[in-house]
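Trainee: Sequential numbering from 3 applies to the sequence shown in the working numbering.
By construction, the Cβ of each residue, glycine as well, lies at the ideal position given by its N, Cα and C atoms.
Below is a structure I'd like to ask you about.
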Amino acid sequence: MLSLPLEDKTPPDWQLPQDSIIESIKKPLRLAIYPHYLKMMSPILRQRFAKFDERNLPIDQWFWWPRGFEFELLRYRLNQIFTINSKSVLIAGCGQGRDVTTWLKYKPSQIVGVEYFNYRRSWDLFTEKYAEQVPIQFIQGDLTNLSDIPDNTYDIIASDAVFEHLKDLPAVLKEFYRILKPTGVMYATFGPLWYSWGGDHFSGKDNTGFNHLLLKQEDYLTYINNYERIGVTYIKNFLQENMFSYLKPYEYIDALHNQGFSKRWLGFAISPQAVDFFVTHPTIAGSLTQKASILDLFVCGISVVYQKRP
Ligand SMILES: C[S@@+](CC[C@H](N)C(=O)[O-])C[C@H]1O[C@@H](n2cnc3c(N)ncnc32)[C@H](O)[C@@H]1O
């Protein structure tokens with residue numbers, strides 16, 4: 003592997019996340035209600051927004067962000083498309099490791115998390131707590147070069163909130179394709195996308211989610227720095243390290259096809275705030291369309307299940 007930052011980045015006061023009582027009641031309710039809600043909403047959204055998709059992509063589900071984009075529902079949907087039970091899962095860009103918990107109930111044969119930064123202390127806590135349910139391992143590694151992993155190793159490669167941060171998506175997809183078994187699937191959910199409302203993961207904390215596209219660079223830096231006091235260091239790190247892919251929706255889809263993947267399922271999420279902004283600020287919105295299409299500005303999240311062989 004390439005040389006990677008060695009220092010353990012786990013924050014000193016970090017503890018395993020735990021749902022509040024209210025959240026543990028809401029979660030199963032959302033899981034019961036949202037599939038029906040999404041089934042009802044998708045045709046309504048399609049009718050309203052498909053006209054902006056000039057390429058007429060085969061989109062299976064339209065979302066009204068962020069409804070339906072939560073981890074539990076995304077796993078549930080993937081499991082309907084490709085059974086997770088007894089399959090080997092590689093979680094790409096697992097961060098501190100919170101992603102693993104939502105896979106456990108489907109009883110995969112093993113879970114391996116790969117992450118660029120070292121979060122060893124956090125990973126050890128997850129492994130200690132959950133490894134009796136499913137064998138779990140965390141590896142520090144760069145997704146653009148997974149040469150320690152042999153070809154055709156995993157049934158499922160999964161990532162949440164990672165693609166929008168990759169500097170070299172084609173290189174990562176090439177590795178995913180190589181290490182997936184011939185019958186395997188690649189699942190990814192990503193967003194906000196750079197050209198969408200809040201695409202810098204920062205704007206939109208107030209009521210202008212397109213600041214990163216509208217402001218001159220110096221004004222944008224002032225805007226960001228004025229938020230010092232509310233503890234957004236984590237997001238600023240992404241901006242300072244330039245950890246954004248800057249791709250538009252069609253470019254993500256093209257990258258998947260260029261690598262040889264074929265579609266099993268595709269979902270596009272529309273940003274309600276972006277739509278509202280177009281209604282309330284038509285002139286400024288018009289200037290944004292010089293930089294990106296309406297689809298690019300409206301679609302803030304994408305979820306995909308693609309397979310290695312047709
Ligand atoms: C927004 S975080 C999401 C983390 C985790 N999936 C979650 O949802 O909590 C994106 C993660 O992708 C990781 N990442 C980005 N580029 C990477 C690369 N080339 N190799 C490995 N990890 C990478 C980042 O370090 C970061 O932890």
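So for ASN154, helix, strand or coil by DSSP?
Mentor: For the purposes of this step, residue 154 is taken as the residue at position 152 of the sequence shown. Of the three classes helix, strand and coil, the one that applies to ASN154 here is coil, per DSSP.
Trainee: Can you tell me where the beta strand (DSSP E) with PRO184 in it begins and where it stops?
Mentor: Here residue 184 corresponds to residue number 182 of the sequence shown, with the count starting at 1. Start and end: 182-192.
Trainee: Let me know if VAL91 comes out buried or exposed under the rule of 16 or more other beta-carbons within 10 Å of its beta-carbon.
Mentor: Here the question's residue 91 lines up with position 89 in the sequence shown. The residue in question, VAL91, is buried, as its Cβ has 16 or more Cβ neighbours within 10 Å.
Trainee: To the nearest whole angstrom, what separates the beta carbons of ILE138 and THR129, a pair I think is in contact under 8 Å?
Mentor: In the sequence shown, the residue the question calls residue 138 occupies position 136. In the sequence shown, the residue the question calls residue 129 occupies position 127. Yes, ILE138 and THR129 are in contact; Cβ-Cβ is about 5 Å, under 8 Å.
Trainee: From the DSSP output, in three-state form, read off ALA34 for me.
Mentor: Sequence index remark: in the sequence shown, residue 34 carries index 32 (1-based). Correct three-state label for ALA34: helix.
Trainee: Any heavy atom of ligand 3 closer than 8 Å to the beta-carbon of ARG100?
Mentor: Ligand 3 is not part of this structure, which contains only ligand 1.
Trainee: Under 9 Å between the Cβ atoms of PHE51 and CYS96?
Mentor: Looking up residue 51 in the sequence shown gives position 49. Looking up residue 96 in the sequence shown gives position 94. Cβ atoms of PHE51 and CYS96: not closer than 9 Å.
Trainee: For GLY186, which of SER305, ILE158, PRO30 has the nearest alpha-carbon?
Mentor: Counting from one through the sequence shown, the residue named residue 186 turns up at place 184. Out of SER305, ILE158, PRO30, ILE158 has the C-alpha closest to the C-alpha of GLY186.
Trainee: Taking the straight line between their C-alpha atoms, what separation do you get for SER22 and LYS29?
Mentor: Position 20 of the sequence shown, counted from the start, is the residue given in the question as residue 22. Position 27 of the sequence shown, counted from the start, is the residue given in the question as residue 29. So the two alpha carbons sit approximately 11 Å from each other.
Trainee: Cα separation between ARG251 and THR210?
Mentor: As a first step, residue 251 is located in the sequence shown; it is residue number 249 there, counting from the start. As a first step, residue 210 is located in the sequence shown; it is residue number 208 there, counting from the start. Correcting the residue identity first, residue 251 is Pro in this sequence and not Arg. Cα to Cα, the separation comes out at about 21 Å.
Trainee: By DSSP's criteria, TRP267 is part of a beta bridge. Which residues make up the other side?
Mentor: Walking along the sequence shown from the start, residue 267 turns up at place 265. TRP267 is bridged to VAL307.
Trainee: Using 9 Å as the threshold, is the C-beta distance between ILE286 and PHE279 below it?
Mentor: Position 284 of the sequence shown, counted from the start, is the residue given in the question as residue 286. Position 277 of the sequence shown, counted from the start, is the residue given in the question as residue 279. Yes, they are a contact pair.
Trainee: Compare the Cα-Cα distances from PHE65 to each of ILE83, HIS38, ASN58 and report the closest residue.
Mentor: Mapped onto the sequence shown, residue 65 falls at position 63. With distances taken between Cα atoms, PHE65 lies closest to HIS38.
Trainee: Taking ILE61 and GLY269 to be in contact with their CB atoms under 8 Å, please state how far apart those CB atoms are, rounded to whole angstroms.
Mentor: As a working note, residue 61 is residue 59 in the sequence shown. As a working note, residue 269 is residue 267 in the sequence shown. Yes, ILE61 and GLY269 are in contact; Cβ-Cβ is about 7 Å, under 8 Å.
Trainee: Please determine if the region 191-199 and the region 247-261 are in contact, where contact requires at least 3 C-beta pairs separated by less than 8 Å.
Mentor: These segments touch.
Trainee: The beta strand (DSSP E) that contains GLN98, what's its start and end?
Mentor: Looking up residue 98 in the sequence shown gives position 96. Segment: none, GLN98 is in no beta strand (DSSP E) and carries neither H nor E.
Trainee: Per DSSP, what kind of secondary structure is GLN135 in: helix, strand or coil?
Mentor: Indexing the sequence shown from 1 puts residue 135 at position 133. In this structure, GLN135 counts as coil in the three-state DSSP scheme.
Trainee: Compare the Cα-Cα distances from ILE93 to each of GLU25, VAL164, TYR121, ALA276 and report the closest residue.
Mentor: Position 91 of the sequence shown, counting from 1, holds the residue named residue 93. Looking at the Cα atoms, VAL164 is the closest of the given residues.
Trainee: For SER295, which residues from the same chain have a beta carbon less than 8 Å from its beta carbon, with the 5 sequence-adjacent residues on both sides left out?
Mentor: Your numbering for residue 295 matches position 293 in the sequence shown. Excluding residues within five positions, the ones whose Cβ falls inside 8 Å are PHE54, GLU56, LYS250.
Trainee: Drop a sphere of 10 angstroms on the beta-carbon of ASN87, count the other beta-carbons inside from all chains shown, and report buried for 16 or more, exposed for fewer.
Mentor: As a working note, residue 87 is residue 85 in the sequence shown. Result: exposed.
Trainee: Would you say the region 177-186 touches the region 211-228, given that touching needs at least three Cβ pairs under 8 Å?
Mentor: Touching, no.
Trainee: Rank GLN242, LEU33, GLN112 by C-alpha distance to the C-alpha of LEU223 and give the top, closest one.
Mentor: By one-based count along the sequence shown, residue 223 stands at place 221. The candidate whose alpha carbon is nearest that of LEU223 is GLN242.
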